[in-house]
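3 is the number of the first residue of the sequence shown in the working numbering; add one for each residue after it. Presented below is the structure to which this report refers.
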Amino acid sequence: MINKNVLPMPAVSASVSCMDLGNLADSIKKVEDSDVAFFHYDVVDGRFNKCYILGDILCDYLKKNSRLPIEVHLAVYDIENYIEVFAQKKVEYIAVHYEAMKNPKEIFANIRSLGAKPVLAYRADTKPKDDLIELAPLCEWILKLTVNPGFAGQKINPEAIKHIKMMSDMLKQNNIKTRIQADGNVNKNTTRMLAEAGATIFTGGTSGLFLAGKSIQENLRELLAPTKEFID
3 MINKNVLPMP AVSASVSCMD LGNLADSIKK VEDSDVAFFH YDVVDGRFNK
53 CYILGDILCD YLKKNSRLPI EVHLAVYDIE NYIEVFAQKK VEYIAVHYEA
103 MKNPKEIFAN IRSLGAKPVL AYRADTKPKD DLIELAPLCE WILKLTVNPG
153 FAGQKINPEA IKHIKMMSDM LKQNNIKTRI QADGNVNKNT TRMLAEAGAT
203 IFTGGTSGLF LAGKSIQENL RELLAPTKEF ID
């Protein structure tokens, strides 16, 4: 089993929206019995993307009943209205979107002042800009969506993979060690290309981590097997 206090290389997170929410206690246990590194908790406001998922009460239950870290992914506008709500729940990471921030540095500082750690998120169709070099050292890692947030079963966006490669190249050229997380349609057929592009953290959902017929640990191993030639 992995050390749950250290993010492994590579790492897999479990998408809470793809878990069996009707049997959440059992779902949590199954995830915790595997080498999953943390929970990925999507919050979508219906404006940033056309769905509404995962409010604050479910997060309370998850925090109370799990020993794994939680990454809250705020796929929302008006970010300031959400940060304190989730920081007060003592979640470990809060992912905030580049597209929804006027001053990312201030948002990052606010998240840290409230006791959480910031993650910089990008939509699937957002190409990285030069300010990535300034922002990347200030966050724990970069979350790159490879599908639109909130809808399970989507196919991976090829442009998003190109963006991961661009990000990875920019970071390497500037000797920045910030890692990249891929979120969306992560399965044994896509992790190789994601790892080759530069991702080292993978958010598992319905297409990979929670496939029926195998344990979460078996699915996790199949997800990571194709990444080994690219990730030390």
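All residues carry an ideal CB built from backbone N, CA and C; glycine is no exception.
Item	Value
8 Å Cβ cutoff met for residue 120 and residue 98	yes
Cβ-Cβ separation, residue 49 to residue 79 (assumed contact under 8 Å), whole Å	5 Å
Residue environment, residue 185, which counts as buried when at least 16 other CB atoms sit within 10 Å	buried
Endpoints, alpha helix (DSSP H) assigned at residue 175	160-175
Reduced DSSP secondary structure (H/G/I, E/B, other) of residue 29	helix
Exposure of residue 210, with buried meaning 16 or more beta-carbon neighbours within 10 Å	buried
Separation of residue 175 from residue 169, as counted between CA atoms	10 Å
Pairwise C-alpha distance: residue 217 and residue 4	Residue confidence is low: residue 4 scores 43 on pLDDT, short of 50, so the model does not pin down where it sits. Its coordinate-derived value is still stated next. If you take the alpha carbons of residue 4 and residue 217, they lie about 17 Å apart.
Residues near residue 55 by beta carbon distance below 8 Å, same chain, minus five either side	19, 44, 45, 46 and 152
Helix, strand or coil at residue 228 according to DSSP, with G and I counted as helix	helix
Own chain partners of residue 101 with C-beta closer than 7 Å, once the 5 adjacent residues on each side are dropped	125 and 128
Distance, residue 123 Cα to residue 131 Cα	13 Å
Complete beta strand (DSSP E) runs within the region 45-89 (minimum length 3 residues, chain order)	72-77
Segments assigned alpha helix (DSSP H), at least 4 residues, entirely inside the region 183-208	193-199
Check: residue 211 C-beta below 7 Å from any heavy atom of the ligand SAM	Questions concerning the ligand SAM fall outside what the structure shown contains, since it holds no ligand whatsoever.
DSSP-derived helix/strand/coil call for residue 111	helix
Residue 36 - DSSP class collapsed to helix/strand/coil	coil
Expected contact under 8 Å - CB spacing of residue 89 and residue 118 to nearest Å	5 Å
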